[in-house]
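J.:
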Amino acid sequence: MIGLVVVAFGMGMTDYATAQANTWHQGTPKVLRRTWFHNGKGDNKAYITYTKHRSSGNLFGYDNASHKYYRLPGYGLKNLKYQALGHHVYRLTGIQYSPKGSTVAFAGQRMTYKIRVTAKHLHFSKGYHDYGRHASFRTTKAPKGLY
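Residues -19 to -1, 1 to 128 in mature numbering (1 follows the signal peptide of the UniProt record, and there is no 0) are what the sequence shown lists, from first letter to last.
(1) For His34, I'd like the list of residues in its chain whose CB is within less than 8 Å of its CB, leaving aside the five on either flank, ordered along the chain.
(2) Leaving aside the five residues before and after residue 129 along the sequence, list all residues of the same chain whose C-beta is less than 6 Å from its C-beta, in chain order.
(3) Which whole-angstrom value describes the C-beta separation of Tyr78 and Tyr56, a residue pair presumed to lie in contact below a C-beta threshold of 8 Å?
(4) When you compare only the Cα positions, how much space is there between Tyr11 and Asn20?
(5) With burial defined as no fewer than 16 other Cβ atoms inside 10 Å of the residue's Cβ, what is the status of Lys26: buried or exposed?
(6) Between the Cα of Ser117 and the Cα atoms of Tyr50, Val85, Gly38 and Pro80, which residue gives the shortest distance?
(7) Does DSSP put Lys11 in a helix, in a strand, or in coil?
(8) Between the Cα of Thr93 and those of Pro80, Leu13, Leu40 and Gln64, spot the shortest distance and give me the residue it belongs to.
(9) Under the three-state reduction of DSSP, which class applies to residue 138: helix, strand or coil?
(10) List the DSSP bridge partners of residue 147.
(11) With a cut-off of 8 Å on the beta carbons, I'd call Arg97 and Ile76 a contact; round off their distance for me.
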């Protein structure tokens, strides 16, 4: 009889863990909320910023006058939701939007992707570059008259 209770309790805990993983939460995980940088070689530098309900990212442009990099207008996802999959892994989903004055190919469509977040790194599961918390290059604001 005690063995049956233990088995039933164990099955119930498995169902609870599965239910937790399938729960969608509004917004983004707090550990994700900041600006992350891809420190690539040459001009292959990018950023992505996560706020509570939105992501925004793009490449960096290079200002020849100051020899520094500046952020190009960002695009990304709005109305973000996430699932916690365990071990710092999350599935995010949201609606793609365009920056003002331009159009992204998939604007208005839902996009879903999986990421792994640690205190210092952000890794996209689909083979995108890894991002870190700090830029290893000099940055500045966008040159006047550019936007």
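All C-beta atoms, glycine included, are put in the ideal place defined by N, C-alpha and C.
Every value quoted in this text rests on a predicted model; they were computed, and no experiment measured them.
T.: Once the coordinates are examined:
(1) Counted from its first residue, the sequence shown places residue 34 at position 53. The answer, listed in chain order, is Gln7, Gly8, Thr9, Lys59, Asn60 and Leu61.
(2) Lying outside -19 to 128, the shown extent of the chain, residue 129 is not represented and no answer is given.
(3) Counted from its first residue, the sequence shown places residue 78 at position 97. Counted from its first residue, the sequence shown places residue 56 at position 75. Yes, they are in contact, since the Cβ atoms of Tyr78 and Tyr56 sit about 6 Å apart, within 8 Å.
(4) Position 30 of the sequence shown, counting from 1, holds the residue named residue 11. Position 39 of the sequence shown, counting from 1, holds the residue named residue 20. A quick correction: the sequence has Lys, not Tyr, at residue 11. Lys11 and Asn20: Cα-Cα distance of roughly 23 Å.
(5) Numbered from its first residue, the sequence shown carries residue 26 at position 45. It is buried - the Cβ of Lys26 has at least 16 other Cβ atoms within 10 Å.
(6) Along the sequence shown, one-based indexing puts residue 117 at 136. Among Tyr50, Val85, Gly38 and Pro80, the Cα nearest to that of Ser117 belongs to Tyr50.
(7) Here residue 11 refers to the residue found at position 30 when the sequence shown is read from its first residue. In this structure, Lys11 counts as helix in the three-state DSSP scheme.
(8) On the sequence shown, position 112 is the one that residue 93 refers to. Considering only alpha carbons, the answer is Gln64.
(9) There is no way to answer for residue 138, as the model of the chain reaches only from -19 to 128.
(10) Residue 147 lies beyond the residue range present for the chain, which begins at -19 and ends at 128; the question has no answer from this structure.
(11) Here residue 97 refers to the residue found at position 116 of the sequence shown. Here residue 76 refers to the residue found at position 95 of the sequence shown. About 23 Å; that fails the 8 Å criterion.
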